[in-house]
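> Heads up: the sequence shown begins at -5 in my numbering, then just goes up one per residue.
Even glycine gets a Cβ: it sits at the ideal position worked out from N, Cα and C.
Nothing here was measured: the structure is a model prediction, and the numbers come from that model.
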Amino acid sequence: MRRLFIFDTTLRDGEQSLGFTLNTAEKLEIARQLVKLGVDVIEAGFPASSPGDADSVRAIAKEIRGVSVCGLTRALASDIDCCAEALQAAEHPRIHTGIGVSPIHMEKKLKLSPEQVVEMAAAAVKHARKYVGDVEFYAEDAFRSERAFLVTVLEKVIKAGANVINVPDTVGYATPSEYEELISYLMDNVRGIENVVVSVHCHNDLGMATANSLAGILAGANQIEGAINGIGERAGNSSLEEVVMAVYTRREQYGLDMKVNTREISATSKLVSRITGIPVPAHKAIVGAGAFMHASGIHQDGVLKDKTTYEIIRPEIVGIARNSISLSARSGRHALRHCLGELGYQLNRGELEDIYQKFLRLADRKREIFSSDLRALMGETGIYID
Ligand code: KIV
Ligand code: ZN
-5 MRRLFIFDTT LRDGEQSLGF TLNTAEKLEI ARQLVKLGVD VIEAGFPASS
45 PGDADSVRAI AKEIRGVSVC GLTRALASDI DCCAEALQAA EHPRIHTGIG
95 VSPIHMEKKL KLSPEQVVEM AAAAVKHARK YVGDVEFYAE DAFRSERAFL
145 VTVLEKVIKA GANVINVPDT VGYATPSEYE ELISYLMDNV RGIENVVVSV
195 HCHNDLGMAT ANSLAGILAG ANQIEGAING IGERAGNSSL EEVVMAVYTR
245 REQYGLDMKV NTREISATSK LVSRITGIPV PAHKAIVGAG AFMHASGIHQ
295 DGVLKDKTTY EIIRPEIVGI ARNSISLSAR SGRHALRHCL GELGYQLNRG
345 ELEDIYQKFL RLADRKREIF SSDLRALMGE TGIYID
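1) Give me the residue from E235, A329, E109 with the minimum Cα distance to T262.
2) Any idea what DSSP makes of N231, helix, strand or coil?
3) Using a Cβ-Cβ cutoff of less than 6 angstroms, which residues in the same chain neighbour F1 once the five nearest sequence positions on both sides are dropped?
4) Just grab the DSSP bridge partners of F14 for me.
5) Output needed for Q27: all residues of its chain with C-beta closer than 6 angstroms, excluding positions within five of it in sequence on either side, in chain order.
6) Closer than 7 angstroms to a non-hydrogen atom of ligand 2 - does that hold for the CB of D7?
7) Short of 7 angstroms in beta carbon distance, which residues of its chain neighbour G376, apart from the five on each side in sequence? Order them along the chain.
8) In this structure, does DSSP put F286 in helix, strand or coil?
9) With 16 other CB atoms within 10 Å as the buried threshold, where does L5 fall?
10) Alpha carbon to alpha carbon, what distance is there between L334 and I379?
11) Please name the residue or residues paired with N160 in a DSSP beta bridge.
12) So, V158 versus V191, is the Cβ gap smaller than 8 angstroms?
13) If you measure between the beta carbons of G296 and A229, is that distance less than 8 angstroms?
14) Spatial neighbours of A323 within its chain, please: CB distance less than 8 angstroms, with the 5 preceding and 5 following residues excluded, ordered by chain position.
15) Between F14, A19, A69, A71, which has its C-alpha nearest S50's C-alpha?
16) Going by beta-carbon coordinates alone, are L81 and V129 separated by less than 8 angstroms?
17) Measuring only the C-alpha atoms, how far is I306 from T164?
18) Out of F131, I98, K102, which one is the CA nearest neighbour of M114?
19) Please say whether E134 and H99 have beta carbons closer to each other than 8 angstroms?
20) Taking the alpha helix (DSSP H) that S366 falls in, what are its first and last residues?
21) Mark T303 as exposed unless 16 or more other C-beta atoms lie within 10 angstroms of its C-beta, in which case mark it buried.
22) So, under 8 angstroms CB-CB, G8 and I222 are touching, yes? Tell me the CB distance rounded to an integer number of Å.
23) What's the gap between the Cα of R244 and the Cα of Y339?
24) Helix, strand or coil: which one does DSSP assign to G376?
25) For a minimum of 4 consecutive residues, which ranges assigned as the alpha helix (DSSP H) are wholly contained in the segment 25 to 78?
26) By Cβ distance below 8 angstroms, which residues in the same chain neighbour S11 in space, the five residues on each side in sequence not counted?
27) Got a sec: does ligand 1 put a non-hydrogen atom nearer than 7 angstroms to the Cβ of E134?
28) Kindly list the residues whose CB is nearer than 6 angstroms to the CB of Y350, restricted to its own chain and excluding five residues on each side of it in sequence; keep chain order.
29) Compute every distance between the C-beta of T91 and the non-hydrogen atoms of ligand 2, then say whether any falls below 7 angstroms.
30) Closer than 7 angstroms: is that where the CB of T67 sits relative to any heavy atom of ligand 1?
31) Let me confirm a value: K352 is counted as buried when at least 16 other C-beta atoms fall within 10 Å, else exposed. Which label applies?
32) E219 lies in the beta strand (DSSP E); which residues open and close that run?
33) Would you mind sorting F40 into buried or exposed? The rule is 16 or more other CB atoms within 10 Å of its CB.
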């Protein structure tokens, strides 16, 4: 089986979200959980961006074992020196260096000629290789670059010693078929690409980051970069949990091996949400509070007969104890009987019908019905905590 490496950038690209920055203690707490989750690489930060971020990378490099710890740099010797220093204590250090390669980035942002960009890219990789054996190169805005130029840059950095090539869709502009085609093209046309890991890094501006990452994997990429809960700059990064669960759930199609412990997904998502203060929408795939809840009577009836009627993932696989029936005015008798049964009530048909009518009247007034409401409907008195 082909191996898929999971590169987590929650602490770097994910942290480039509006409204928060993580301190060292917070980054360490998330990094420890990422180890439990079983990712292959933790991108801990961008050391040259601030002394605080360098401290965080240093602390993670010192403590975290069993996974690669990575730091981001621009294609500047000073950034790389700072990153190498921060990563000194890491068991498996990786320097992630790179530069913009699209005409827009080179002309408007960097104000450099293509020749200067190639030179800086190769020099950065060579410089990073003096410090560590594991160097990843990112061709920023690769999707909007010119093909021939992208091939030239990638060949030069592979020759300079890059072991991993990252092909970002920096602004989330690609469609899945286009991104798949780009990765296939690079696989066929970049000399030396068979000797390196090819990484996909997709942003979610058009809501296609997960689909694009999967398309890149189908084209032969063997590393995926993403953030837990999909957090990040603008509309965020690929949601790591979505890509992982797509590859797991559709394993016959992808045929890929990962070392992720999917049962840690829910805990990781909750931790990241709590620490960053970014809530997870209830309907968010895999980790939303409602992702395994069944609300309508037809669905609840189906799930109570056989879970696979409406569940493609067993909730335990992502670390959620069991699927929940959410009682509302859309629920049917089957769901109500099930929930009452869990509270210890066994009702005959007539009793069920009677309580069901009362239940509907209450549910029309209340969005969700909890166990305490059911107990009250059954005539119990007292205070209960749901
Ligand atoms: O989106 C991007 O291009 C990046 C690079 C810095 C890797 O985050
Ligand atoms: Zn990015």
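In terms of the structure at hand:
1) The residue among E235, A329, E109 with its C-alpha nearest the C-alpha of T262 is E235.
2) N231 falls in the strand class under three-state DSSP.
3) Closer than 6 angstroms at the Cβ level, and outside the excluded window around F1, lie V35, Q217, E219.
4) For F14, which the question treats as bridged, DSSP gives no partner whatsoever.
5) So the qualifying residues of the chain are T262, L265.
6) Result yes, Cβ under 7 angstroms from ligand 2.
7) In this prediction, G376 scores a pLDDT of 49, lower than 50, which makes its location untrustworthy; the coordinate-derived value is nonetheless stated afterwards. Contacts found: none.
8) Assignment of F286 by DSSP, reduced to helix, strand and coil, places it in the coil class.
9) Counting of Cβ neighbours within 10 angstroms places L5 among the buried residues, the total reaching 16 or more.
10) The pLDDT assigned to I379 is 42, lower than 50, so where the model puts this residue is not dependable, and the model offers no usable value.
11) Answer is Y132, S193, bridged to N160.
12) Yes, the pair counts as a contact, with Cβ atoms nearer than the cut-off.
13) Here G296 is not near A229, since their CB atoms are 8 angstroms or more apart.
14) L354, A357, D358, listed in sequence order.
15) Per the C-alpha coordinates, the member of F14, A19, A69, A71 positioned closest to S50 is A19.
16) No, the pair does not count as a contact, with Cβ atoms beyond the cut-off.
17) So the two alpha carbons sit approximately 31 angstroms from each other.
18) F131 is the residue among F131, I98, K102 whose C-alpha sits nearest the C-alpha of M114.
19) Annotated as proximal: H99 and E134, with beta-carbon spacing under 8 angstroms.
20) Where S366 is concerned, the enclosing alpha helix (DSSP H) stretches over 365 to 371.
21) Counting Cβ neighbours within 10 Å, T303 comes out exposed, since fewer than 16 surround it.
22) Confirmed, about 7 angstroms.
23) Straight-line Cα distance between these residues: approximately 40 angstroms.
24) For G376, the predicted structure reports a pLDDT of 49, less than 50, and the residue's modelled location is therefore unreliable. The matter cannot be settled from this model.
25) With a minimum length of 4 residues, the continuous alpha helix (DSSP H) runs that stay inside the segment 25 to 78 are 45 to 57.
26) Non-local C-beta neighbours of S11 in its own chain, meaning closer than 8 angstroms and more than five positions away in sequence, comprise I225, G226, E227, G230, T270, I272, ordered along the chain.
27) With a cutoff of 7 angstroms, E134 counts as near ligand 1, since its C-beta is closer than that to a heavy atom of the ligand.
28) Within the same chain, Y350 has close Cβ partners R327, L330.
29) For T91, the CB stays at least 7 angstroms from every heavy atom of ligand 2.
30) No; taking the cut-off as 7 angstroms, the Cβ of T67 has no heavy atom of ligand 1 nearer than that.
31) Here K352 is exposed: its Cβ has fewer than 16 other Cβ atoms, across all protein chains shown, within 10 Å.
32) From DSSP, the beta strand (DSSP E) with E219 extends over 217 to 220.
33) The residue is buried, with at least 16 neighbouring Cβ atoms inside 10 Å.
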